[in-house]
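A.B. asks:
Chains as they are written, first to last, in the working numbering: chain A, 1489 to 1688; chain B, 24 to 291.
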């Protein structure tokens, strides 16, 4: 259970309280500039922000930021890469290899060069990279935006399995059908504030 | 040993003729660099004439306090130059404090040890040795530090996404900054590495040339030059490492976040 007592950044973000139960998915939408990315960044403590956040009763400030971010994995809309080949980004090659079929990538994908990856390949490899860290919660910013329908369906199956294993998702998406399929709670963010969606 | 051949004002005027020809060409071709070229030449002349007067006076009045005062002024000027050369600097004077601080600690310690042990001049603060040596240490360290810090900030800007990707996967700030720091160190070390590699083969350093021109034995001049290159190399390397690490510490925080908000906006 993720408990947020409100995340605040002066003038930018004032989320108000919300919770996320284990095994459930929260879908978040909002116009660009409404604060979706700011909220996700604040949750993983990547920007200075105020507010108590705890996971399973453990407050985030009670542990090093690095440990917190291994529990909450945030995938930005555009992933960052620091080495030239894909495999250098995977701390557990075997685990990464095992996940490739689930995101419709061939076994040799780990040997690909990062500059040659398409946007969709980057997105899926960044997902693999985050999943092998075994996070409790995935924070996803438009995770299937660059994928074809077949890959999108595969990634959604992966998400469903993740939820079934008792883990949780926060999903930023403009795809209403996807939110419908995965999410039990749907929230809108406007001017840095979370609002309950009128009808689910 | 022959005394140096004295130079007259007319000699200096003649020596400047090629510089003036270049400036006139620049004006005709509208290169847009002539003004700063001439200003720099005039600045150099005035500064050197002034320092000649000051050094003469300092040498006649050997005093610990006067040498320390001169050294402090040189440090403040070097610290100012370091932060003035930054594209983006740390907000609220941090660049000045870190730059001046590292130069003070690294260059002063290296100089003091060198003066008291290897050169063994009595008293150690004799301005005839302390001031020119300190100037050489500071000049080189200042260049190294400015390049290192510029390299660091440029990479931080370009690599923001890659650094944050590592932080998001649970790396701490030092792990995530490692490639960026390596790049910054390379930039800062480049001039001193190049200058040590080229010394004696391509370039005869100014100090050694000056000593030889002033009539000293080349072997004596060479030994001095090696000592000077060692202490320049040492103080520059220490200053680059310390200033880059301190700045990296300042643009991150204890929650392992990248804090580019602590940098000023880019200069236009």
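Virtual Cβ for every residue (Gly too), placed ideally from N, Cα, C.
1) Is residue 1621 (chain A) close to chain B, meaning its C-beta is less than 8 Å from at least one C-beta of that chain?
2) Listing by chain order, which chain B residues have their CB less than 9 Å from the CB of residue 1569 (chain A)?
3) List the DSSP bridge partners of residue 1573 (chain A).
4) Helix, strand or coil for residue 303 (chain B)? Go by DSSP, reduced to three states.
5) Which same chain residues, not among the five before or five after residue 109 (chain B), have their C-beta less than 8 Å away from its C-beta?
6) Which residue's Cα is closest to the Cα of residue 1674 (chain A): A:1503, A:1504, A:1513?
7) What in chain A is Cβ-close to residue 193 (chain B), meaning under 8 Å?
8) For the alpha helix (DSSP H) that residue 1640 (chain A) lies in, which residues bound it at each end?
9) 8 Å is my cut-off, CB to CB: does residue 1609 (chain A) come that close to chain B?
10) Between which two residues does the alpha helix (DSSP H) harbouring residue 1581 (chain A) extend?
11) According to a CB-to-CB cut-off of less than 7 Å, which residues of the stretch 196-223 of chain B neighbour chain A?
12) Decide yes or no for the touch test of the stretch 1532-1547 of chain A against the stretch 1492-1502 of chain A: beta carbon pairs closer than 8 Å, at least 3 of them.
13) If the cut is a Cβ gap below 8 Å, which residues of chain A does residue 280 (chain B) touch?
14) If residue 1620 (chain A) and residue 1580 (chain A) are in contact, beta carbons under 8 Å, what's the gap, nearest whole angstrom?
15) Could you please give me the residues that DSSP links to residue 278 (chain B) through a beta bridge?
16) Taking residue 1596 (chain A) as the query, report the chain B residues whose CB atoms sit under 7 Å from its CB, ordered along the chain.
17) Bridge partners of residue 1538 (chain A), per DSSP?
18) Helix, strand or coil: which one does DSSP assign to residue 145 (chain B)?
19) Three-state secondary structure (DSSP) at residue 136 (chain B)?
C.D. replies: Taking the structure as given:
1) yes
2) 184, 185, 188
3) A:1601
4) Shown here, chain B extends from 24 to 291; a query on residue 303 (chain B) therefore has no answer.
5) 118, 169, 172, 173, 176
6) The shortest C-alpha separation from residue 1674 (chain A) is found at A:1513.
7) 1554, 1555, 1557, 1558, 1621
8) 1637-1652
9) no
10) First-last of the alpha helix (DSSP H) with residue 1581 (chain A): 1581-1587.
11) Result list: 202.
12) yes
13) 1533, 1534, 1535, 1536, 1553
14) Cβ-Cβ separation between residue 1620 (chain A) and residue 1580 (chain A): approximately 5 Å, consistent with a contact (criterion under 8 Å).
15) Answer is none; residue 278 (chain B) lacks a bridge partner.
16) Those within 7 Å of residue 1596 (chain A) in chain B number zero; the least Cβ separation is about 23 Å.
17) According to DSSP, residue 1538 (chain A) bridges with A:1496.
18) coil
19) helix
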